[in-house]
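This report concerns only the one structure given below.
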């Protein structure tokens with residue numbers, strides 16, 4: 006059964022990438038609620054490689070600031086929360102817990118290339134679930150990949166060895182700061198039925 | 006405003022990766038409806054690199070068959086539709102149309118590594134939007150990355166040069182074929198608030 010039109014609008018058709026924010030905060034409860042949805046999104050062998058750092062305090066925002074590109078600076082520094090969507094390159098060490106029915110860890114320890122591809126693909130999937138989960142809870146998003154990854158990794162992941170994938174602002178969007186929506190492909194430009 | 010509990014269940018909390026299918030078909034209209042939602046999901050500079058091939062006919066399924074891993078064979082051959090989620094490595098040639106306000110094409114033609122990373126990250130995001138859009142329309146999914154990518158690319162993308170990212174079965178799931186759900190992380194195992 007399909008969700009109703011209002012829900013499809015909120016998730017996709019009317020949802021926008023926001024550049025300005027109201028002063029309504031994003032609470033700990035909001036962040037837990039987002040995670041408690043996105044964690045159910047499917048990943049390969051349930052590998053769940055994404056790790057999330059929610060940058061909210063002034064101190065943490067200052068730590069992030071030097072890594073931001075000029076065009077992303079103001080909207081990110083003023084966003085109630087900026088999430089760093091990262092991944093654990095050693096995600097496979099969690100597989101005995103996350104995928105107990107097989108020795109899935111062995112599939113990845115034997116191939117660094119497969120592990121890296123799997124971590125990047127699946128943390129990207131989880132980043133998309135994150136965006137949709139936030140929208141499903143009435144929280145607006147602003148994802149960005151224009152930033153200095155090495156600087157973020159040095160500032161936030163020197164100990165853990167995690168790697169940043171992309172950033173995503175969270176808040177309640179100010180519609181007056183939206184850009185006009187860019188065009189999308191028609192079905193036949195991107196799809197084929199065989 | 007949050008979606009209602011039934012919608013959150015349908016998208017995330019109760020949605021499952023399916024392994025068996027009823028004989029209810031997936032129609033052209035269903036495939037168009039899925040695309041007409043997922044196309045609105047955000048991508049970097051609206052680059053929209055994902056390309057979708059919907060493998061539905063017996064002939065197309067036979068073409069896909071040799072690329073499937075043993076564990077994915079039966080569920081894929083019996084699925085009403087198997088989507089190949091691919092990407093166009095030369096996605097940047099569409100940017101004058103998709104992102105008309107800047108010369109975004111130039112950002113990517115000058116760096117093969119950036120183009121490749123952008124195509125893979127953003128086609129993965131779009132693959133996740135695809136999964137969620139199908140669920141939002143009451144269609145069940147079964148994503149898989151266990152297949153022979155080179156064989157799929159040779160069979161389906163020899164002319165276009167597209168690259169396969171992952172596969173996703175579509176249909177109406179048979180709940181009797183579900184595996185028990187695997188465990189998920191607690192918030193504190195994957196998240197940090199700074």
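Chains as they are written, first to last, in the working numbering: chain A, 6 to 199; chain B, 6 to 199. Ideal Cβ placement from N, Cα and C applies to all residues, glycine included. No experiment lies behind these values; they were computed from the predicted model shown.
Practice task
Assuming residue 8 (chain A) contacts residue 141 (chain B) (C-beta within less than 8 Å), just tell me the rounded distance between them.
Solution key: A Cβ-Cβ separation of about 5 Å places residue 8 (chain A) in contact with residue 141 (chain B) under the 8 Å criterion.
Practice task
Report the three-state DSSP secondary structure of residue 55 (chain B) (helix, strand or coil).
Solution key: If DSSP states are grouped into helix, strand and coil, residue 55 (chain B) belongs with the strands.
Practice task
Drop a sphere of 10 angstroms on the beta-carbon of residue 169 (chain B), count the other beta-carbons inside from all chains shown, and report buried for 16 or more, exposed for fewer.
Solution key: By the 10 Å Cβ count, residue 169 (chain B) comes out buried.
Practice task
Following the continuous alpha helix (DSSP H) through residue 101 (chain A), name the residue where it begins and the one where it ends.
Solution key: Looking at the DSSP string, the run of the alpha helix (DSSP H) that includes residue 101 (chain A) is 100-103.
Problem - Residue of A:25, A:32, A:40, A:81 minimising C-alpha distance to residue 193 (chain B) - result: Just measuring C-alpha positions, the residue of A:25, A:32, A:40, A:81 sitting nearest residue 193 (chain B) is A:40.
Practice task
Could you give the DSSP three-state label for residue 162 (chain B): helix, strand or coil?
Solution key: When secondary structure is reduced to three states using DSSP, residue 162 (chain B) falls in the coil class, being assigned neither helix nor strand.
Handout entry: DSSP-derived helix/strand/coil call for residue 144 (chain A)
Key = It is coil, neither helix nor strand.
Handout entry: Which listed residue (B:23, B:149, B:134) has its alpha carbon closest to that of residue 75 (chain B)
Key = Of B:23, B:149, B:134, the residue nearest in Cα terms is B:149.
Practice task
Please classify residue 36 (chain A): is it buried, with 16 or more other beta-carbons within 10 angstroms of its beta-carbon, or exposed?
Solution key: Buried: at least 16 other Cβ atoms inside 10 Å.
Handout entry: Span of the beta strand (DSSP E), counted from its first residue to its last, around residue 86 (chain B)
Key = It spans 86-92 - the beta strand (DSSP E) in which residue 86 (chain B) sits, taken as one unbroken run.
Handout entry: Whole-angstrom distance between residue 160 (chain B) and residue 53 (chain A), CA atom to CA atom
Key = Taking C-alpha positions only, residue 53 (chain A) is separated from residue 160 (chain B) by approximately 31 Å.
Handout entry: CB contact below 8 Å: residue 169 (chain B) versus chain A
Key = Not one chain A Cβ lies under 8 Å of residue 169 (chain B).
Practice task
Pull up the distance between the alpha-carbon of residue 23 (chain A) and that of residue 151 (chain B), whole angstroms please.
Solution key: Rounded to whole angstroms, residue 23 (chain A) to residue 151 (chain B) spans 36 Å at the Cα level.
Exercise for the section: Identify the contact partners of residue 58 (chain A) in chain B, using a Cβ-Cβ distance below 9 Å as the criterion. Expected result: Here the neighbours are 196, 197, 198, 199.
Practice task
Tell me, please, whether the CB atom of residue 143 (chain A) is closer than 8 Å to any CB atom in chain B?
Solution key: Yes, residue 143 (chain A) counts as interfacial toward chain B.
Practice task
Tell me residue 197 (chain A)'s beta-bridge partners as DSSP assigns them.
Solution key: Residue 197 (chain A) is bridged by DSSP to B:58.
Practice task
Can you check DSSP and say which residues form a bridge with residue 151 (chain B)?
Solution key: DSSP, once it has assigned bridges, lists no residue as partnering residue 151 (chain B).
Exercise for the section: Taking C-beta pairs closer than 9 Å, name the residues in chain A that residue 92 (chain B) reaches, listed in chain order. Expected result: Simply none; closest approach about 10 Å.
Handout entry: Limits of the unbroken alpha helix (DSSP H) element including residue 80 (chain B)
Key = 75-83 is the extent of the alpha helix (DSSP H) around residue 80 (chain B).
Exercise for the section: Count the other C-beta atoms from every protein chain shown that fall within 10 angstroms of the C-beta of residue 32 (chain B), then say buried if there are 16 or more, exposed otherwise. Expected result: Looking at its Cβ environment, which holds fewer than 16 other Cβ atoms inside 10 Å, residue 32 (chain B) is exposed.
Practice task
Report the residue from A:58, A:101, A:55 whose alpha carbon sits nearest the alpha carbon of residue 188 (chain B).
Solution key: The shortest C-alpha separation from residue 188 (chain B) is found at A:101.
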